[in-house]
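Enquirer: Residue numbers (this note's numbering), protein chains in the order written: chain A, 168 to 468; chain B, 168 to 468.
The beta carbon of each residue, even a glycine, is placed where N, CA and C say it ideally should be.
(1) Rounded C-beta distance between residue 330 of chain B and residue 311 of chain B? I'm assuming under 8 Å.
(2) Identify every residue that forms a DSSP beta bridge with residue 287 of chain B.
(3) Apart from the five residues on each side of it in sequence, which residues of its chain come closer than 8 Å, Cβ to Cβ, to residue 224 of chain B?
(4) Would you mind reading off the limits of the alpha helix (DSSP H) that contains residue 469 of chain B?
(5) If we count the other Cβ atoms within 10 Å of its Cβ and call it buried at 16 or more, is residue 428 of chain A buried or exposed?
(6) Taking only the alpha-carbon atoms, compute the straight-line gap between residue 370 of chain A and residue 455 of chain A and give it to the nearest angstrom.
(7) Rounded to whole angstroms, how far is the Cβ of residue 267 of chain B from the Cβ of residue 235 of chain B, which I believe are closer than 8 Å?
(8) Assign residue 460 of chain A to one of three DSSP states: helix, strand, or coil.
(9) Going along chain B in order, which residues have a C-beta closer than 8 Å to the C-beta of residue 269 of chain A?
(10) In the DSSP output, what is residue 292 of chain B paired with across the bridge?
(11) Can you grab the Cα-Cα spacing for the pair residue 206 of chain B / residue 361 of chain B, in whole Å?
(12) Which one or two residues does DSSP pair with residue 235 of chain A in a beta bridge?
(13) On a Cα-Cα basis, can you pick out the residue from A/301, A/297, A/308 that is closest to residue 265 of chain A?
(14) On the three-state DSSP scale, how would you describe residue 298 of chain B?
(15) Can a CB atom of chain A be found closer than 8 Å to the CB of residue 329 of chain B?
(16) So, helix, strand or coil for residue 452 of chain B, using DSSP?
(17) Check the Cβ of residue 366 of chain A against every Cβ in chain B and list those closer than 7 Å, keeping chain order.
(18) Within 10 Å of its beta-carbon, does residue 400 of chain A have 16 or more other beta-carbons around it, so buried, or fewer, so exposed?
(19) Is residue 412 of chain B buried or exposed, if buried means 16 or more other CB atoms sit within 10 Å of its CB?
(20) Taking 8 Å as the CB-CB cut-off, is residue 350 of chain A touching chain B?
(21) With hydrogens ignored, establish whether the beta-carbon of residue 394 of chain B is closer than 7 Å to any heavy atom of the ligand MG.
(22) How about the segment 344–359 of chain B and the segment 406–426 of chain B: do they share at least three Cβ pairs that are nearer than 8 Å?
(23) Would you mind telling me which residues of chain A sit closer than 8 Å to residue 384 of chain B, beta carbon to beta carbon, in chain order?
(24) If residue 260 of chain B sits next to residue 285 of chain B, beta carbons under 8 Å apart, how far is it from one beta carbon to the other, in whole angstroms?
(25) Rounded to the nearest angstrom, how far is the Cβ of residue 406 of chain A from that of residue 453 of chain A, given a contact under 8 Å?
(26) Look at the alpha carbon of residue 278 of chain B and the alpha carbon of residue 336 of chain B, and state the distance between them as a whole number of angstroms.
(27) Is residue 447 of chain A helix, strand or coil by DSSP?
(28) Consider the Cβ of residue 345 of chain A: report whether some Cβ of chain B lies at a distance smaller than 8 Å.
(29) Excluding sequence positions up to five away, which residues of its chain have a Cβ less than 7 Å from the Cβ of residue 468 of chain A?
(30) Please confirm if residue 380 of chain A has its CB atom under 8 Å from at least one CB of chain B.
(31) Pick out whichever of B/381, B/375, B/287 has its Cα sitting closest to the Cα of residue 388 of chain B.
(32) Buried or exposed: where does residue 359 of chain A fall if 16 or more other Cβ atoms within 10 Å of its Cβ makes it buried?
(33) Who are the Cβ neighbours of residue 239 of chain B in its own chain at under 7 Å, not counting the five residues just before and after it?
(34) Would you check if the segment 176–196 of chain B and the segment 378–385 of chain A touch, i.e. whether three or more CB-CB distances between them fall below 8 Å?
(35) Within the same chain, show all residues whose beta-carbon is closer than 7 Å to that of residue 197 of chain B, passing over the 5 residues directly before and after it, in chain order.
(36) Assuming residue 182 of chain B and residue 293 of chain B form a contact by the criterion Cβ under 8 Å, report the distance between their Cβ atoms to the nearest whole angstrom.
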C-alpha cells in the first residue's frame with residue numbers, strides 16, 4: 168500500500184468515531200462513514216470531512232481500507248452479506264480491518280468471504296477503551312494472514328501503543344473473549360466486595376486502598392473501584408457489551424465441554440442489569456446490584 | 168512495655184513458625200510454643216530455643232505477649248476457653264495478638280474475655296503469605312483498642328512492612344475477609360480463563376502476557392497464573408483456607424441480607440477441591456477443576 172490509503176469506517180459509535188478522529192489527525196483521509204444511526208454518524212462525518220453514505224457498497228467503493236466497528240455477530244454478518252447491499256460488492260483489492268468484539272468463527276467466515284471477493288481481511292481486536300482509541304494508544308491483537316497484517320501495519324501503529332499479531336483469523340477474538348471474560352468476573356467480584364464492605368459499615372476508600380495493596384488488587388479496581396463507590400457509571404464499556412462478551416466466551420466453553428461457574432454467574436449479573444434497564448450503564452454499574460443501599464432503586468428502574 | 172517482651176506463640180504452622188523465626192532474629196526472646204501437632208512444633212522449638220509446652224496456661228505464664236495463629240473460629244474459642252486449660256489463666260497484664268483469619272465476632276468475644284481476665288487483646292490480620300512472614304514484610308491490619316496497638320507496635324513493626332490500625336476489634340477481620348473473598352473470586356476466574364485458553368489451543372504464556380497488559384490483570388495473575396499453567400501447586404495459601412475465608416465473608420453477607428453470586432460460586436469451587444481431596448493444594452490448584460486436561464484426574468483423586 169504505497170500512497171496513504173483512504174479510510175472508510177462502518178460503525179461510528181464511541182469507538183469507531185474516535186478511531187476515525189485519531190486517523191484523521193495523523194494524516195489519513197477518512198473518506199466515508201456508515202452507521203445504522205444516521206444522526207450520530209452525520210456529526211462525525213462533518214467533523215472529519217468524510218462522506219456519510221447510506222449504502223455499504225459505497226464505503227467499499229470510496230475507500231482502500233474499510234474499518235468495521237459494529238455491535239455484534241449479527242451486525243458483522245449483515246455488513247458482509249453475500250447478497251444485497253454489502254461491503255463485499257466491488258471489494259477486489261480492498262482490505263477490511265474488523266475491530267468489533269465478535270465470535271471467533273465470524274472472523275474466519277468474513278476472511279473466507281473477503282477472499283472470495285478478491286479482498287483481504289484482518290481481525291484487530293481492541294483490548295482498551297474509548298480514550299485509548301482517541302489517543303491512538305489501543306491495545307490491538309490481530310488475527311488473519313500475516314500479509315494482511317503487514318499491509319495495514321503503518322495504520323495500526325497510529326491507532327495503537329501495543330500491537331500484537333496473535334495468529335490466524337479467529338485467534339485474536341478468542342484471546343479477546345478470554346480477556347473480557349476474566350475482566351468481567353473481576354468486575355463482578357469487586358462489586359461484591361465493595362457492596363459487602365458498605366453493608367459492614369467500612370470506609371470504602373480505605374477498603375479500596377487495602378485491596379490495592381493485597382491479593383485483591385486488579386486492573387478493574389483501578390478503573391472501576393472509585394466509580395462503583397461514587398455511583399458514577401458514565402459509560403466506557405457498557406454492561407450490555409460485558410454480557411455479550413461473556414456470552415461469546417461461554418459459547419466457546421460450551422463447545423469445549425467446559426463448565427465455568429464464575430463466568431456463568433457473571434453473565435447472569437450483567438443479564439440482570441439489562442433486564443433491569445441498566446444495560447447502557449458502564450460495567451461498573453454492576454455495583455448497583457450489590458450495594459444494599461442501591462439495590463431496590465436499581466430493581467425498580 | 169519497657170524491656171523486650173518475651174513472646175509465646177500458639178499455632179506454629181507455616182505462618183506461626185515464620186513469625187517466630189523473624190521475631191527471634193530481630194532480638195525478641197521466643198520463649199514458649201504450643202501446637203496441637205507436637206512433632207512439628209518440637210522442631211521449631213529446638214530451632215528457636217523455645218520451650219515446647221503442652222498446656223495453654225503455661226504459654227501465658229511464660230510470656231508477656233502471646234501471639235495466636237490458629238486455624239479457625241473453633242480453635243480460637245478453644246485456646247481462649249473460659250474454663251479448663253486456657254490462655255486466659257493467669258493472664259492479668261498480658262497481651263494477646265491474634266493473627267489468624269477468623270470471624271470478626273470472635274475478635275470481639277476474645278477482647279471481652281481478655282479484658283475480664285485483666286489482659287488486653289489485639290487482632291492483627293495478615294494479608295500476605297509465608298515468605299512475607301519470614302522476611303518481616305507482612306501486610307498487617309489491626310483492630311482493637313488503640314492502647315493495645317501502641318503497646319505492641321514495636322514488635323508489629325518487625326513483623327510487617329505495612330502496618331495499619333483499622334478500628335475497633337473485629338474491623339480488621341472484616342476487611343481481611345473481604346480481601347480474601349475478592350482474591351478468591353479473582354483466582355477462580357483466572358483459572359477459568361486459562362482453562363478455556365488451553366481448550367482453545369492458545370499459547371498460555373502469551374495469554375498471560377496479554378492478560379497482564381489488559382483489563383484482565385490482577386495480583387493473582389502475578390502470583391498464581393504461571394503456577395496454574397505449570398500445574399505447580401506447592402502450598403502458600405491452601406484451597407481449604409480459601410474455602411474457609413470465603414465462607415466467613417459469605418456469613419457476613421448473609422447477616423447483611425446480601426446475595427453474592429460470584430463469592431458463592433467461588434466457595435463452591437474451593438469446597439469441590441476439598442471434597443476431591445485437593446484441599447491442601449495451594450489455591451492455584453483450582454485450575455485442576457477448570458483445565459480439561461486435568462479435570463478427570465482431579466475428580467478421580
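Expert: To lay it out plainly:
(1) Locating residue 330 of chain B in the second chain gives position 163, counting from the first residue. Locating residue 311 of chain B in the second chain gives position 144, counting from the first residue. That belief does not hold up - the Cβ atoms of residue 330 of chain B and residue 311 of chain B are roughly 13 Å apart, past 8 Å.
(2) The sequence position of residue 287 of chain B within the second chain is 120, counting from 1. B/262.
(3) Start at 1 with the first residue of the second chain, and residue 224 of chain B comes out as number 57. Only 252, 253, 254, 256, 257 meet the Cβ criterion.
(4) Only positions 168 to 468 of chain B appear in this structure, which leaves residue 469 of chain B out of reach.
(5) Here residue 428 of chain A refers to the residue found at position 261 when the first chain is read from its first residue. Label assigned to residue 428 of chain A: buried.
(6) Taking the first chain and counting its residues from 1, the one referred to as residue 370 of chain A is at position 203. Taking the first chain and counting its residues from 1, the one referred to as residue 455 of chain A is at position 288. Their Cα atoms are separated by approximately 18 Å.
(7) On the second chain, position 100 is the one that residue 267 of chain B refers to. On the second chain, position 68 is the one that residue 235 of chain B refers to. Their Cβ separation, rounded to whole angstroms, is 6 Å, which keeps residue 267 of chain B and residue 235 of chain B in contact under 8 Å.
(8) Within the first chain, residue 460 of chain A is the residue found at index 293, counting from 1. DSSP places residue 460 of chain A in helix when its eight states are reduced to three.
(9) Stepping through the first chain from its first residue, residue 269 of chain A is reached at position 102. None at all; the shortest Cβ gap to chain B is about 16 Å.
(10) Numbered from its first residue, the second chain carries residue 292 of chain B at position 125. Note: residue 292 of chain B sits in a beta bridge opposite B/308.
(11) Your numbering for residue 206 of chain B matches position 39 in the second chain. Your numbering for residue 361 of chain B matches position 194 in the second chain. Near 39 Å, if we compare the C-alpha coordinates of residue 361 of chain B and residue 206 of chain B.
(12) The residue given as residue 235 of chain A occupies position 68 in the first chain. Answer is A/177, A/265.
(13) Taking the first chain and counting its residues from 1, one reaches residue 265 of chain A at position 98. Measuring from the Cα of residue 265 of chain A, the nearest candidate turns out to be A/308.
(14) Translated into the one-based positions of the second chain, residue 298 of chain B becomes position 131. Residue state, collapsed to three classes: helix.
(15) Taking the first residue of the second chain as 1, we reach residue 329 of chain B at position 162. Yes - at least one Cβ of chain A is within 8 Å of the one on residue 329 of chain B.
(16) In the second chain, the residue the question calls residue 452 of chain B occupies position 285. Helix at residue 452 of chain B.
(17) The residue labelled residue 366 of chain A in the question sits at position 199 within the first chain. In chain order: 423, 425.
(18) Against the first chain, residue 400 of chain A aligns to sequence position 233. By the 10 Å Cβ count, residue 400 of chain A comes out buried.
(19) As a working mapping, residue 412 of chain B is identified with position 245 in the second chain. Residue 412 of chain B is buried by the Cβ-count criterion.
(20) In the first chain, the residue the question calls residue 350 of chain A occupies position 183. True, the Cβ-Cβ gap to chain B drops below 8 Å.
(21) Ligands are entirely absent from the displayed structure, and the ligand MG is therefore not among its contents.
(22) yes
(23) Taking the second chain and counting its residues from 1, the one referred to as residue 384 of chain B is at position 217. Residues of chain A passing the Cβ test: 385, 386.
(24) Numbered from 1 along the second chain, position 93 holds the residue referred to as residue 260 of chain B. Numbered from 1 along the second chain, position 118 holds the residue referred to as residue 285 of chain B. That pair is a contact at about 7 Å.
(25) For the purposes of this step, residue 406 of chain A is taken as residue 239 along the first chain, with counting starting at 1. For the purposes of this step, residue 453 of chain A is taken as residue 286 along the first chain, with counting starting at 1. The Cβ separation is near 7 Å, so the contact holds.
(26) Reading the second chain from its first residue, position 111 is the one you call residue 278 of chain B. Reading the second chain from its first residue, position 169 is the one you call residue 336 of chain B. Distance between the alpha carbons of residue 278 of chain B and residue 336 of chain B is about 7 Å.
(27) Here residue 447 of chain A corresponds to residue number 280 of the first chain, with the count starting at 1. Coil at residue 447 of chain A, not helix or strand.
(28) One-based indexing of the first chain puts residue 345 of chain A at position 178. Judged by the 8 Å Cβ criterion, residue 345 of chain A is in contact with chain B.
(29) Reading the first chain from its first residue, position 301 is the one you call residue 468 of chain A. Note that residue 468 of chain A scores a pLDDT of 38, beneath 50, so its modelled location is shaky and nothing firm can be said.
(30) Reading the first chain from its first residue, position 213 is the one you call residue 380 of chain A. Yes, its Cβ sits closer than 8 Å to a Cβ of chain B.
(31) Start at 1 with the first residue of the second chain, and residue 388 of chain B comes out as number 221. Looking at the Cα atoms, B/375 is the closest of the given residues.
(32) As a first step, residue 359 of chain A must be located in the first chain, where it is residue number 192. So residue 359 of chain A counts as buried.
(33) As a first step, residue 239 of chain B must be located in the second chain, where it is residue number 72. Around residue 239 of chain B: 269, 411.
(34) no
(35) Along the second chain, one-based indexing puts residue 197 of chain B at 30. Contacts found: 174, 176, 187, 190, 191, 215, 217.
(36) Here residue 182 of chain B is taken as the residue at index 15 of the second chain, counted from 1. Here residue 293 of chain B is taken as the residue at index 126 of the second chain, counted from 1. About 7 Å separates the two Cβ atoms, so the contact holds.
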